[in-house]
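First residue of the sequence shown? That's 44 in the numbering used here, and the numbers climb one at a time after it.
As structure tokens, the structure follows; a few thoughts come after it.
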Amino acid sequence: MLCATMQVLRTNQVGGWQPNITRIAPTVLLGQIKIPFTNISPLSILLNRTLASLVVPRLKDWLVVVVLLIIYSILALPYGWKFGFLQMEL
């Protein structure tokens, strides 16, 4: 009689602190294609960053944009007038 052992992994074990359990990328897009001689998967990084950028801005985010534009304007307008990039026409 032949017997085989079966290991059942809980979802919190996959990729955990046990060094004998390694994570396996489920698809090509999520990490099976790697840069040669490295452990870097560029497709999963690009996908992650693209999906992370699709967030609806909150009021705090718009406030940061407005403040940065005001600071940039305060710095850029005097230089633009000084070096002739900007001109006033009346």
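A virtual CB, placed ideally from N, CA and C, is assigned to each residue, including glycine.
Leucine 133 carries a coil assignment under DSSP once its states are collapsed to helix, strand and coil.
DSSP, reduced to helix, strand and coil, places glycine 123 within a helical segment of the structure shown. If you draw a straight line from the Cα of cysteine 46 to the Cα of isoleucine 88, it comes to about 42 Å. Here serine 84 is buried, its C-beta having at least 16 other C-beta atoms within 10 Å.
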